[in-house]
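Mapping to the working numbering: the sequence shown position 299 is 442, numbers consecutive. Accompanying notes for the structure given below.
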Amino acid sequence: MSKIVVEKVAKSKIDEVDFSCLEFGQVFSDHMFVCTYKDGEWQNPKIMPYSPFCLDPASSVFHYGQAVFEGMKAYKDDKGAIFLFRPEQNYQRMAKSCQRLSMAQFPTDLFDQGLKELVKTDRQWIKPGRGNALYLRPFMISTSKNLQVETSQEYLFSIIASPVQSYYSADVKVLIADHYSRAANGGFGFAKAAGNYAGQLYPTTLAQQKGYNQIIWTDDTSHERLEECGTMNVMFRIKDKLITSPTSERILDGVTRKSIIEVAKKLNIEMEIRPITIHELVEAANNKTLKEIFGCGTAAVISPVSAFNYKGVEYEVSTPEQTYGQKIKDFILDIQYNICQDPFGWRVEVK
Ligand SMILES: *Cc1c(COP(=O)(O)O)cnc(C)c1O
């Protein structure tokens, strides 16, 4: 097993950071993890001061976009112990993304070691308190220096870290996609690939111009099945039932989504995993049985939606005082911050 070299900064920049008003992904910690792939092997894994990369302009990522990433968090409890949440899920998903984008596989044990070493090195960047976390962004890009359209022979794997606070997104309204798609059958919607995000930006900007924060993505053929919300998975509560689409090659298999499914079971919330269409949603909104819509992902855990627009008509969600979303979020946060027992074995302490 390759030994990870740790090169520390001369002076931490942590004193320059105001931890009471952090915007998502704006500030980065002192260090980063870097490892390069060349001549068929991963080389020189190291923790080093956070700094720019120097890349050849012909690096294939700039032209053909082999780029994948992950998103996860490190949490600190009141005694200063540090935890990750189901990290093995992210390792596995990165492997799937790399396979689909025809990229080299990054060894799971090295991923695990590098991530934990970075978290330990920058442990003072993790503040205790619910909502505070160190957001971890592993990513990989192709770096072969030539313009031939072919699988790259060289890669850069890195992890950067950014202190975050949970943000309370007020009154999120969404537009139901009836033309654009984020993913298609046979495509790579299930991969956490940079290209999926690039393709979402323009339709999302158009939605924002109409006064909507996000798009609920539908299947690319009928535009009837409700599949994702912005860059999150999505769930609907009709009467007292929580409904979410099964994952497919168009839908990203979110760690938050699959955790919510298990937590709902534990809390005796009825959960259905089946396709759900816009027609069902419109009907439920009209007869006031649509109680909740929420996006789910690592950044916010749960992000409630207050209204949706379908083909020019706006529909309200009749959200009750006590929501399933909040109840499930509280349960998950309690596990993440080591406040309650972890019946699922999801918490992983970083020692
Ligand atoms: C990352 C992501 C999610 C959420 O995944 P989590 O593992 O829960 O953070 C959902 N949909 C898309 C498209 C994503 O990129």
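Every residue, glycine too, gets a C-beta built ideally from N, C-alpha and C.
The C-beta distance from Gly438 to Gly488 rounds to 26 Å, too long to fall under 8 Å, and the pair is not in contact. Asn376 sits away from Thr361, with the two beta carbons spaced by 8 Å or more. Ile475 and Pro200 have their C-alpha atoms roughly 43 Å apart. Residue burial is scored here from C-beta neighbours: Arg236 has at least 16 other C-beta atoms within 10 angstroms and is therefore classed as buried. With fewer than three CB-CB distances shorter than 8 Å, the stretch 200 to 211 does not count as touching the stretch 219 to 226. If you check the C-beta of Leu395 against ligand 1, you find a heavy atom less than 7 Å away. Membership of Tyr340 in the alpha helix (DSSP H) is indicated by the continuous run Ala337 to Gln352.
A distance of 8 Å or more separates the beta carbons of Glu435 and Gly397.
The beta-bridge partner set that DSSP reports for Ala217 consists of Leu227 and Leu277.
Here Pro463 is exposed: its Cβ has fewer than 16 other Cβ atoms, across all protein chains shown, within 10 Å.
Between Glu370 and Arg393 the beta-carbon gap is near 6 Å, inside 8 Å, which marks them as a contact. The secondary-structure analysis by DSSP pairs Met283 across a beta bridge with Val211 and Phe300.
Here Arg325 carries a coil assignment [DSSP, helix/strand/coil]. Asp265 is the residue among Ser461, Ser388 and Asp265 whose C-alpha sits nearest the C-alpha of Ser172. In terms of CA proximity to Tyr340, Ile358 leads the group Gly354, Lys353, Gly329 and Ile358.
Distance from the CA atom of Gly183 to the CA atom of Glu405, rounded to whole angstroms, is 40 Å.
Here DSSP, grouped into helix, strand and coil, assigns Gly438 to strand.
In the DSSP assignment, the residues bridged to Gln357 are Val317.
With a cutoff of 7 Å, Lys472 does not count as near ligand 1, since its C-beta is closer than that to no heavy atom of the ligand. In this structure, DSSP gives Tyr234 a helical state, which the three-state scheme calls helix. Distances between the C-beta of Val170 and the heavy atoms of ligand 1 are all 7 Å or more.
Inter-segment contact for the stretch 174 to 181 and the stretch 294 to 301 is present: three or more beta-carbon pairs are separated by less than 8 Å.
Contact annotation, Lys335 with Leu395: C-beta distance approximately 6 Å; criterion of less than 8 Å satisfied.
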